[in-house]
Amino acid sequence: MSEHIDANINKPSAAIQAITTVGSICHLALRGAQELTHLVAEVHGTINQLPMPFNKQHQPDARYAPFPYRIISHSFALFAKLSRLFAGEHKEFAHPLAIRSQAALNGVCGDKLVDWESPLATHLSLRSEQGLLIEDINAWANEPAKAHVLFIHGLCHSDVEWQAAENHYQFYCQLAQLGYQVAWLRYNTGRAIHDNGAELAALLNSHFAAKGTPLLLIGHSMGGLLIRSACHYAEQENHSWLKRLTHAAYLGSPHLGAPLERLGNQANNLLNITPYTRPFMRLGNIRSRGIKDLRYARLTHDNVLPHLYEGISHLLLAGAISESHSQNWIGDGLVPVDSALAQDEQGYVLDSPKIRRVYFDEMNHLAMLNDPRVYQELADWLGIGILLETIH
Numbered sequence: 001m002s003e004h005i006d007a008n009i010n011k012p013s014a015a016i017q018a019i020t021t022v023g024s025i026c027h028l029a030l031r032g033a034q035e036l037t038h039l040v041a042e043v044h045g046t047i048n049q050l051p052m053p054f055n056k057q058h059q060p061d062a063r064y065a066p067f068p069y070r071i072i073s074h075s076f077a078l079f080a081k082l083s084r085l086f087a088g089e090h091k092e093f094a095h096p097l098a099i100r101s102q103a104a105l106n107g108v109c110g111d112k113l114v115d116w117e118s119p120l121a122t123h124l125s126l127r128s129e130q131g132l133l134i135e136d137i138n139a140w141a142n143e144p145a146k147a148h149v150l151f152i153h154g155l156c157h158s159d160v161e162w163q164a165a166e167n168h169y170q171f172y173c174q175l176a177q178l179g180y181q182v183a184w185l186r187y188n189t190g191r192a193i194h195d196n197g198a199e200l201a202a203l204l205n206s207h208f209a210a211k212g213t214p215l216l217l218i219g220h221s222m223g224g225l226l227i228r229s230a231c232h233y234a235e236q237e238n239h240s241w242l243k244r245l246t247h248a249a250y251l252g253s254p255h256l257g258a259p260l261e262r263l264g265n266q267a268n269n270l271l272n273i274t275p276y277t278r279p280f281m282r283l284g285n286i287r288s289r290g291i292k293d294l295r296y297a298r299l300t301h302d303n304v305l306p307h308l309y310e311g312i313s314h315l316l317l318a319g320a321i322s323e324s325h326s327q328n329w330i331g332d333g334l335v336p337v338d339s340a341l342a343q344d345e346q347g348y349v350l351d352s353p354k355i356r357r358v359y360f361d362e363m364n365h366l367a368m369l370n371d372p373r374v375y376q377e378l379a380d381w382l383g384i385g386i387l388l389e390t391i392h
C-alpha cells in the first residue's frame with residue numbers, strides 16, 4: 001500500500017510548521033474573542049433595556065450595547081482576517097499529541113472552524129497504518145485483496161486513537177496477513193453527521209466501482225452513525241460502492257441518541273428562563289453541530305431516521321461499565337446499552353435480515369478500542385477468529 005501514500009505530506013519544515021501553527025492559533029483566538037465580545041455586548045444591551053425578569057419574548061440584542069463594543073468586535077474580526085492570511089495553508093501535524101488535540105478541537109467546535117475558514121479544520125481523508133495520507137484512493141480501492149476494510153473513529157477522535165490501541169494493531173496485523181487492505185478515516189467530527197455522511201458516500205462512490213473485492217466498514221461511536229448516514233445517501237443516489245459493501249460494524253454507536261447530550265441541552269435551556277441569563281446560552285451552544293446531532297442520532301438533513309441497509313451483515317456491539325448499568329442510561333459511560341443495540345423498552349427496534357447484537361459487561365466507551373473481546377467478536381463475525389490467539 002506504500003506506493004499509494006504521500007510520505008512527505010506530514011513532514012513540512014519546522015519553520016513553516018511553526019509559522020502556520022502560530023497563525024492558525026491566533027486566528028482561532030481572535031475569532032473566539034470576537035464571539036466573547038458579542039456575548040458581553042448582548043448582556044450589556046439587555047441590562048440597558050431593563051426587560052421584565054421573566055419576559056420570554058425578549059431576545060438578546062448587541063445593538064443596544066455601548067458603541068465601543070462594535071469597535072472591539074470589528075477589530076477582532078479584522079485581525080482575525082490578517083492572521084488567516086499569515087497562517088496560509090495549514091501543514092498537517094505529525095506528532096500524535098498534536099493530531100489528537102486538533103481532533104478534540106474539531107469535535108468541540110469543528111462546524112465553526114469550517115465557517116471561520118480556520119486552517120485547523122480537519123478535512124475528510126483516508127489514512128494508512130502510519131497515519132499518512134492515502135493520496136491515490138482509487139489505486140487503494142482497486143488493489144487486489146481479500147477485502148477492503150475502513151475503520152471510522154468517533155467524536156473528538158482521529159485515526160491515531162485506533163492505531164495507538166495495542167489490540168487494534170494486532171487485529172490490523174492479522175487482517176494484513178490474510179490479504180485485507182486496511183485504511184482509517186480521518187474527518188471533522190464537529191460537522192453535522194449528515195454532511196460527513198454525504199461526503200463519505202461521495203468519496204467512496206468516486207473510487208469504488210460496482211465490481212471488485214468486498215468492502216467492510218467498522219465504526220466506533222459516531223463513526224457507526226456516519227456509516228448509516230453514508231449508506232442512506234448512497235441509496236438515494238444509487239451509488240455503485242454499495243454493491244461492494246458486505247459488512248458494517250457499529251461499536252458503541254448511539255443509534256437511539258445519547259442521554260448526556262440531551263441532559264446538556266436541557267441544562268443550557270435553563271438559561272432561557274430570564275432575559276438576563278439568555279445571552280449566556282451562546283456559551284452552551286458553542287458545542288458543535290456534530291455533538292448536537294448525537295442528542296437523537298440525527299443522520300440525515302431532513303431528520304429522517306434511516307433503516308439499516310439491507311443485504312449486508314450488521315454487527316451492533318454494546319458495553320456497560322458494570323452489569324448494574326446495563327439497564328440504565330449510563331451504559332458504557334457515554335452510550336446506553338439499548339441505544340448501542342438499537343432497541344428500547346418502548347418497542348422501537350432497528351432491524352435487518354442479517355443482524356448480530358452483542359453485549360459485553362465491564363467495558364467502557366473509550367476502552368472499547370483496545371478491548372480484546374471486541375476484536376475477537378469482529379474476528380468471529382468475519383470468520384477469522386482462529387487467527388486472533390495472540391491478542392491479549
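For the record, in the sequence shown the residue sitting at position 59 is 59 according to UniProt numbering, with numbers rising by one throughout.
Where a beta carbon is used, it is the ideal one built from N, C-alpha and C, also for glycine.
What you are looking at is a predicted structure, and each value in this text was computed from that prediction instead of being measured.
Could you tell me the alpha carbon to alpha carbon distance between residue i and residue j, rounded to whole angstroms?
i           : j           : result
residue 300 : residue 254 : 15 angstroms
residue 244 : residue 213 : 7 angstroms
residue 312 : residue 247 : 6 angstroms
residue 5   : residue 116 : Only weak support is given to the placement of residue 5: the predicted model assigns it a pLDDT of 49, under 50, and the value that follows is read from those uncertain coordinates. When rounded, the distance between both Cα atoms is 30 angstroms.
residue 195 : residue 139 : 25 angstroms
residue 114 : residue 185 : 18 angstroms
residue 78  : residue 19  : 19 angstroms
residue 43  : residue 257 : 33 angstroms
residue 171 : residue 377 : 11 angstroms
residue 373 : residue 137 : 31 angstroms
residue 250 : residue 204 : 19 angstroms
residue 21  : residue 130 : 22 angstroms
residue 107 : residue 174 : 31 angstroms
residue 209 : residue 379 : 26 angstroms
residue 370 : residue 154 : 14 angstroms
residue 146 : residue 179 : 5 angstroms
residue 271 : residue 282 : 10 angstroms
residue 359 : residue 221 : 15 angstroms
residue 193 : residue 352 : 22 angstroms
residue 384 : residue 292 : 37 angstroms
residue 363 : residue 183 : 25 angstroms
residue 189 : residue 304 : 20 angstroms
residue 176 : residue 296 : 37 angstroms
residue 68  : residue 34  : 13 angstroms
residue 274 : residue 268 : 12 angstroms
residue 71  : residue 280 : 21 angstroms
residue 24  : residue 354 : 47 angstroms
residue 169 : residue 36  : 43 angstroms
residue 318 : residue 290 : 21 angstroms
residue 302 : residue 16  : 43 angstroms
residue 202 : residue 276 : 46 angstroms
residue 163 : residue 63  : 50 angstroms
residue 167 : residue 47  : 57 angstroms
residue 322 : residue 366 : 15 angstroms
Which stretch, first to last residue, makes up the alpha helix (DSSP H) that contains residue i?
i           : result
residue 104 : 96-115
residue 63  : That residue, residue 63, is in no alpha helix (DSSP H); it is neither H nor E in DSSP.
residue 357 : Careful: residue 357 lies outside any alpha helix (DSSP H), inside the beta strand (DSSP E) at 355-361.
residue 339 : 337-340
residue 293 : 289-293
residue 376 : 372-382
residue 298 : Per DSSP, residue 298 belongs to no alpha helix (DSSP H) and is neither H nor E.
residue 282 : 281-284
Can a CB atom of chain B be found closer than 7 angstroms to the CB of residue i?
i           : result
residue 194 : Going by chain labels, chain B is absent from the structure shown, which holds only one protein chain.
Can residue i and residue j be called in contact, C-beta distance under 7 angstroms?
i           : j           : result
residue 159 : residue 127 : yes
residue 99  : residue 151 : no
residue 73  : residue 95  : no
residue 278 : residue 119 : no
residue 315 : residue 381 : yes
residue 237 : residue 124 : no
residue 320 : residue 335 : no
residue 41  : residue 80  : no
residue 101 : residue 26  : no
residue 148 : residue 242 : no
residue 341 : residue 357 : yes
residue 181 : residue 143 : yes
residue 156 : residue 288 : no
residue 368 : residue 252 : yes
residue 141 : residue 239 : no
residue 197 : residue 226 : yes
residue 76  : residue 30  : yes
Determine the extent of the beta strand (DSSP E) in which residue i is found, giving its start and end residues.
i           : result
residue 316 : 313-320
residue 132 : Counting along the chain, residue 132 falls outside any beta strand (DSSP E), and DSSP gives it neither H nor E.
Can we count residue i as close to the ligand FAD, meaning its CB is less than 6 angstroms from some heavy atom?
i          : result
residue 40 : Absent from the structure shown: the ligand FAD. Ligands present: none.
(request) Please go through the UniProt domain "DUF676" (149-259) and give each complete alpha helix (DSSP H) segment of 4 or more residues, from N-terminal end onward. (result) You should have 159-164, 166-177, 193-207 and 222-237.
(message) Using a Cβ distance threshold of 8 angstroms, determine whether the segment 301-310 contacts the segment 231-243, with at least three qualifying pairs required.
(response) yes
(request) May I ask you to verify whether the segment 257-270 touches the segment 331-338, counting CB pairs closer than 8 angstroms and requiring at least 3? (result) yes
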